Every structure is written in C-alpha cells, then in structure tokens.
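Structure record follows, encoded as structure tokens.
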Amino acid sequence: MAATDRDGSALAALVHAALALPILALPAKAGAAAVGEVGVTLLGYKERGLMKITEPVIWGRVQFAEVWEVQASAAVDIITGASPQLVSNALGKPVQTITGASISDRRNTGDLKVTRRFGDLALSASRTLSKEEDYHSKAFGLEARLDLNQRNTTIAAGYGKSNDRILSADDPNLNERRDTREYLAGVTQVISPTSLVQSTITWARGTGWYNDPYKLTFTFFDAGLPILAPDRRPDHRDTLAWLTRYRAHFPAAHGTLQADYRFYRDDWGIRAHTLEVAWQQELNERWALRPALRYYTQDAADFYSPTVPRPQPPVQSSDQRLGAWGGVSPSLRATWRLDRLTLEATLGYVHNARNLRFGGGGADAFETLRAWYGIVGATHSF
Amino acid sequence: MKRTRFAILLVAAATLAGCVAVQPYQRGYLAREDMALEANPGTMKALEKTYSAKEAASGGASVGGGGCGCN
Amino acid sequence: MAAENEVQIHSEDARLAEEAAGRAIEEVARIEAKYSRYRDDSVVARINSRAGGAPVALDAETRALLAFADACFRQSSGAFDATSGVLRRAWRFDGGAVPTDAELAPLLALIGWGKVELNDAGARLPLAGMELDFGGFGKEYAVDRAARVLRDAGLRSAMVNLAGDLAILGPQPGDAPWRVGIRHPRRADALLATLPVSSGAIATSGDYERYIEAGGVRHCHVLDPRTGRSARGFQSVTVHAPTCLVAGSATTIAMLKGGRDGLAWLDMLGLTHLCVLESGEVVNRFGG
C-alpha cells in the first residue's frame, strides 16, 4: 500500500469489494441541520388610485456555539402616491378627499434579536429602530420561553417597551412622544405528531400623542359656520390582542392546514377579529402551493365620526382606520425548493369595504380599498 | 376581559386534555417548514406592512416591535 | 453489554413499513445464523471443523464476503485478519489476566490470512486449530443487507441500527437529518457527540466495550493479529461510509494502526471520521 494515496484507491478497493455483495452504496451525507439562513424579500403593494409601497427586506438568522442564536433584519419602506387627508361633507354625505400633492416617504427600519438557551429555557433580548421623516421609534423586548413535557409544551412570557416620537412634515413645531409598554403570555402545545396549536395574549398600555397630524374633518351644518377639526384622539390607549394559531399536517394528502385567529380590543372601543385559513399543498419534492383567505372585521372607535359632532367633543377622528369596516384578502403563494435555496412568490388582493363588516353597519365615508400586492423572496440556508 | 381570560383557559385545558405525549423521534412532521408558526422573517415583515397599515388592530406573538407613522 | 437492535422507518404506508421491517429483521437473523461461530450448522463452523482437512465448497455470498475480508487484509498491511479469532482462547475479558507471550505464541502460529487457501474448490484452513471469524464484519454485512431489503421495498427514509453499527437510507420527513448519538468512551451514560446524518452508514469501534485494565494500561478486545496484543492509541473511532461493511472495517483498521498512524490512514482513506485518542483528545471531521 502506498504511503500517500491521494487518488483514493484504498477506499475504492474496499468499496468495490463490498459492492460485490448484494448491498447498496448509500451516499455518505452528514447534513449539519442548517446552522443559519439569510434571505431577501421584496414587497410591491399598489392601491387602486392611491398609494404604492415598495419594501425591500434583508434578514438573517444564525446559531452558534450550540446555545446562541442571533436574528437581524433591515427594511426600507418606500411610499409614494396619495393618502386620504380630509373627510368633508361639502357635497352632502361625508367623503374621503385627497388633498395636496402626492407624498413620497421613506421609512428605514432595523431590528436585532439575541437568544441564549439554558437547557429548556431560552431568553431573548431584542431591539427595533424605525425612522421616517415624521416618526421615530425605538423599542426593546425581552422574552423567556420554557420547554416542558419533552418539548411538547412551551410557555412564553415577554415584556416590551417602545418610545416613539411624532413629528410632522407639514408642521415643524410638532414634536410629541408616545410610550408604550407591552406584556405577553403564551403557550404552544403539540397535540399529535402531526398537529400543534399556539395561543398568545399581548396587552399593551400606551400614553402620549396619538393624533394623526395630517387628517382633518371638514363639516358643514344646516345652520351655522362649517368646522374644520383636526384629528384628536385620547392620550392613552390600552390594547389586548389574543392570537391563536393552529397547524395540522395531513401526510396522505401531502398538505398542511394553517389557521390563525386574532381577537383584538382596546379602550378606544374598537373590537376586531382576524381569521386567516391557508392550505399548503405539496405538489412534489420541489414545489408547493398555498392558497389562503383572510377575513378582517372591526368596530369603530368611540370617538370616530366622519362629521364633527355638535357640541364639538374633545376627541374626534374621521380616520377610516378607526371606523367600522371589514375586508377579505385572498392570496396565493408558490414555493420552490432546491437543496439549500428556497424561492417564494406570493400574490394577494385586499378588498376592504364598509359592507364587509361582520354584522353590517359599516362606517359612512369609508372609501373602499382595492389593492394588489406581490411578495418575492429568496432564502439560503447554510 | 374576564370572559376572554376564561375562554383562553378553556382552550388550553381542552387542547392539553386531548394531547398525546409525542416522543422526540416522532417529531419529524412537526419540523416541516409548513408546520412553522411563522413564515420567514422577510415575508412576515412584508405581510405585516400590507395589512396593519390599514387596520386598527395590531399585535401578534411578539413584543418590542415598535411603531410606525403608517400614514 | 446492552446491545440495542432497531429498525426505524418513516413511511406513509404503515403496513408496507411493518412488512419490510419484518423482512429486514429476518435477513439479519439469517446472516447471524449462517456465519455464527456458536452454531454447529453455520458455514463458519463447517469450515473451522475441517481445518487441516479437505476444502469446504462456498456459495456466492460467502465467497464475496471472504473476498471483502481479503481486500481489508491487503489495505491494512495485514492488520485486519479474519483468522485472528483464535486469540480469544487466551484473552478472557470477563475478569481474566493479561496473557503472557508464552500463552500467545502457539495461537499466533495459527493466525495468517495469507495461509488460507481460497480457490474454485472452496475454502481450506491448512492447519488444524485455525479458525475463520466473521465477527469483524458479519454484523456490518447484516446492517447493509437489512438496508437493502428496506430500499427494495420502496422505503426512502429509514435507519437500521445493530448495537451502534447503522445504515441510514435517507433523511427524515422535512429533509431533517437523523441524529446519531455516539457513546462517550469513558462516561457510561453520556454521549460524545450527536451527529446529524442524512444518509450513509456509521460504525464505531472503541476500547470500552470489553477490556482488561492492568498496571494502568487498558487492554481492549481489538487485537492485533501480528502480535496477539491489544490495539493502542484510540479510545474510540467512528467512521461514516457508503456501506456499513466499509465503515466497520475502517474503524477496526484505524484502531489497529492506532493514534497518529490511524488518523493519517483515515485522512488518506478520505472518509469522514470522529476519533478520541488515547489521551482523550477529540478529532472531529464531521460537519466540516
């Protein structure tokens, strides 16, 4: 036998002799289950006649030294087009009006999350920064997750704090703050080898400036002068969001059911329900298709009004995001996978209208929203 | 608030009662990508932007995400 | 030694999986019976009982296995020797003493793969008292055959594990690798490492299975046919190869070469390995 055998003939001799027997040569693949992934995503969103958003995102996740995981992402929102600024009843019924020139806004955002495992316990700390011309946000979060029952049950608890600063592109004197504290409690439970459920509650208490500096209500009355009222909202907001997610795989059908339901309420009088149901169908080893349908419904805030009430109250807003309405959004996602690369393309449509509100009775002056969006993404794992 | 809390406990108890203890070697299906509770971070951010900018509701399964002008 | 034998299968067809597993287990039992040195009716017993006498006719399977043993002998410069089984007459690992040179000498005279006559007539051991021992590769062959049976049944995600010698057909559902735990050579209930393996065979040899500790030196059951003494230099060797036969013979040959020589040989061979040297130093070539 040669002292140095670079051409691999020793191995070849052994393998050749072994394969004279009725056995298989199995490719020796030791997959390090991925240590991390990086990805890029691009969102294109277009409302009929109104706003257009382009958002590139870059993100990454890495695990190292067995107990550490770092996750980071950065995104830029590029918004162009028009946004309803004024609700006026000059023509009889209150309607949304676009005033002023098209806006062009950019928002830069980045976040970082570090997690360390201590056996069944994982502790995380995260930081998120967001900056646009008229809104700066700094937030941090702490989270603890504990695995129980051989990882069949996981409980989670979290605390977060945001410090936001609100400015105005129109008014250089506006410089207000808003601080929010959030609390989270949740449980994830494996139900069977093919299904699991997660339920999480998040409470938030915020104080500060909630008014929208760009929205106005212009109301004409039968008698008396018309009133142009700025958007005025309470100086605090308590919210509760309860999100439950269910996943079930059906091996015989080569598909997975994904269902999410979120209940939301806050002390502004808004109650909202979100339900999304999706079916991920595996077509073959490479391709999967995911049709989904999302339904959303919300009640109006107590102080929502498309016209200024008389006597004029201290808080009032005609912003249709605080009105009563409902929306459906169907979407379709195609996924293509090869080795360590995954490509994803999603096409979605959003239709928000007052008559889609559950139980009817949607807000007057609600401008029906019709928007298309497309998301393309590539992920590489290593 | 109370009604909500009670409903949660009910859901939790009901699901736990119907559960089997899944052994580590039976977790193959649970590790599938389509069984994950969230899509990849890029897609999640894009979807969040699309919907939350128009809706009053916010919040999901995490804290410390900060806010935006969303005008 | 607690030896766990198992077949794990992922399949959407439970009945197919059960039938295939049953056949794989039957195949393991067949090979074990055919080449067992404990059974009077085995091929090995027949060859050994005719040592010094007439040749024994061989079937294709036995001929090919002996050809494999021959390839191992040549690639290891004589360290891997299927006639070294006679040494167990001198080595009693359950509480015996280290044998003396005088006790080993007559046994060494009966060892020598080069002396074995293999031709069209069959196999013949020229000296009475010589023995063929398939222990060095019989179990590994059984693992490979069981894996073949499962693959022929159409299964794509399965693992056959016979007391630590295993073969994996393909990854678990979701493309997840199997997690193979490698026993720690010195700590009974601990793992040295957990290797993520998507396909291929894994075999491990170590100095911790059966041994005699005397005068601060560990004498393990892996014996060098040229000296009759225990292999030195490694606490454990694990190799990842396309077949369990190759993985198993690679670990045995590496153990016999020992220490730095063994590491050099494994590097030359080009197979991924995880070794613990006698000093406790770990050399891990898994995961790049």
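If you read the protein sequences in the order shown, they are chains A, B and C.
Count the first sequence with this note's numbering and you get residues 1 to 382, in order.
Count the second sequence with this note's numbering and you get residues 383 to 453, in order.
Count the third sequence with this note's numbering and you get residues 454 to 741, in order.
Ideal Cβ placement from N, Cα and C applies to all residues, glycine included.
Only a predicted model underlies this, so the values are computations on that prediction, with no experimental measurement involved.
Taken in chain order, the whole beta strand (DSSP E) runs of length 3 or more contained in the stretch 639–703 of chain C are 644–650, 653–659, 664–667, 670–673 and 687–694. The beta carbon of ALA413 (chain B) sits closer than 7 Å to some beta carbon of chain C. For PRO27 (chain A), the neighbours in chain C by C-beta distance under 8 Å run, in chain order, SER652, GLY653 and PRO695. The stretch 331–341 of chain A and the stretch 235–248 of chain A do not touch, with fewer than three beta-carbon pairs separated by less than 8 Å.
In the DSSP assignment, MET708 (chain C) forms no beta bridge with any residue. For the set A:VAL308, A:LYS46, A:TYR264 and A:ASP299, the Cα lying nearest the Cα of LEU225 (chain A) is the one of A:VAL308. According to the DSSP secondary-structure assignment, ASN572 (chain C) is paired through a beta bridge with C:GLY575. Between the alpha carbons of ASP222 (chain A) and LYS93 (chain A) lies a gap of roughly 13 Å. Annotated as proximal: ARG290 (chain A) and GLN280 (chain A), with beta-carbon spacing under 7 Å.
Cβ contact annotation for THR696 (chain C) (same chain, cutoff 6 Å, sequence separation greater than five): ASP597 and ALA654, in chain order. The alpha-carbon separation between ARG409 (chain B) and GLU66 (chain A) amounts to approximately 20 Å. Per the coordinates, the alpha-carbon of LEU603 (chain C) lies some 11 Å from the alpha-carbon of SER464 (chain C). The C-beta distance from GLY327 (chain A) to PHE366 (chain A) rounds to 11 Å, too long to fall under 8 Å, and the pair is not in contact.
Under a 10 Å Cβ-count criterion, VAL35 (chain A) is classified as exposed, with fewer than 16 other Cβ atoms of the shown protein chains found around its own Cβ.
Among the bridge pairs identified by DSSP, GLN312 (chain A) is matched with none. In this structure, the beta-carbon distance from GLY723 (chain C) to GLY8 (chain A) falls below 7 Å.
In the DSSP annotation of this structure, the continuous segment of the alpha helix (DSSP H) that includes HIS16 (chain A) starts and ends at 9–18. Under the DSSP assignment, PHE526 (chain C) falls in the alpha helix (DSSP H) whose first and last residues are 513–528.
Within chain B, the residues whose beta carbon sits less than 8 Å from that of GLU132 (chain A) are CYS450 and GLY451, listed in sequence order. When rounded, the separation of the alpha-carbon atoms in TYR264 (chain A) and ALA403 (chain B) is 32 Å. Among the residues of the stretch 500–523 of chain C, those with a Cβ less than 8 Å away from any Cβ of chain A are GLU514, ALA517, LEU518, ALA520, PHE521 and ASP523, in the order of the chain.
Excluding residues up to 5 positions away in sequence, ALA532, ALA684 and LEU709 lie with their Cβ nearer than 7 Å to the Cβ of ASP677 (chain C) in the same chain. Bridge pairing for ALA272 (chain A): A:TYR264 and A:GLN298 [DSSP]. In the DSSP annotation of this structure, the continuous segment of the beta strand (DSSP E) that includes PRO330 (chain A) starts and ends at 325–338. From the listed residues A:SER137, A:ASP147, A:ALA185 and A:GLU182, the smallest Cα separation to ILE166 (chain A) is found for A:SER137. Comparing alpha-carbon positions, the option among A:GLN63, A:THR128, A:ASP105 and A:GLU37 lying closest to THR54 (chain A) turns out to be A:ASP105.
Contacts with chain B at 7 Å (Cβ-Cβ) do not include PRO624 (chain C). The Cβ-Cβ distance between ILE98 (chain A) and ALA82 (chain A) falls below 7 Å.
Annotation: the continuous alpha helix (DSSP H) that includes ARG468 (chain C) extends over 467–487. Going by beta carbons, GLY44 (chain A) and THR379 (chain A) fall outside the 7 Å limit.
By the neighbour-count criterion, in which 16 or more other beta carbons inside 10 Å mark a residue as buried, PHE218 (chain A) falls on the buried side. Taken in chain order, the complete beta strand (DSSP E) segments of 3 residues or longer contained in the stretch 101–156 of chain A are 103–118, 121–132 and 135–148. Among the residues facing chain B, ALA629 (chain C) is included, as its CB has a counterpart in that chain under 7 Å away. By the beta-carbon neighbour count (other beta carbons within 10 angstroms, threshold 16), GLN198 (chain A) is buried. Close to chain A, meaning a Cβ-Cβ distance shorter than 7 Å, are the following residues of the stretch 707–738 of chain C: MET721, LEU722, GLY723, LEU724 and THR725. ASP179 (chain A) is outside the set of residues whose beta carbon lies under 7 Å from a beta carbon in chain B.
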